[in-house]
Amino acid sequence: MNMNDEVRKYLVNFLNKVLDQSYTRNEWENFSYNVYQNNELEKARKKAINIISKNLEPNGFKMKAMSQETKDSIQELINGFD
């Protein structure tokens, strides 16, 4: 098993859940607190956290209605791993 491939799948899966607003508090906390040892994956994770954090509701868990720009930014991250 290639760990980088598994982490990449996890990252893409989580970002897809962000797009359809189906992620859980636990998933968000795990994603936002983890640190990836792979520089490429860590850079993408940090970029995703920055995008998501700017759009969180006051409870700090779910995103407000996403603008098309936000959706496009998240989709761009996902597409970078295809």
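Counting from 1, position 31 in the sequence shown corresponds to residue 33 in the numbering used here; the numbering is continuous, with no gaps.
We put the CB at the ideal spot given by N, CA and C, even for glycine.
Residue range of the alpha helix (DSSP H) that includes residue i
i	result
MET68	Per DSSP, MET68 belongs to no alpha helix (DSSP H) and is neither H nor E.
TYR35	27–35
GLU59	Unbroken run through GLU59: none, as it is neither H nor E.
ASP7	5–21
Sheet register partners of residue i (DSSP bridge)
i	result
LEU43	Note: LEU43 sits in no beta bridge, so no partner.
Residue i versus residue j: straight-line alpha-carbon distance, rounded
i	j	result
GLN70	GLU78	12 Å
LYS49	ASP74	13 Å
TYR25	THR72	16 Å
ASN32	ALA67	22 Å
LYS64	LEU17	13 Å
ASN52	VAL20	13 Å
LEU58	ASP22	14 Å
ASN81	SER34	20 Å
GLY62	LYS56	10 Å
Problem set entry | Given 8 Å, three or more beta-carbon pairs between the region 3–15 and the region 38–54 | Touching, per the Cβ criterion.
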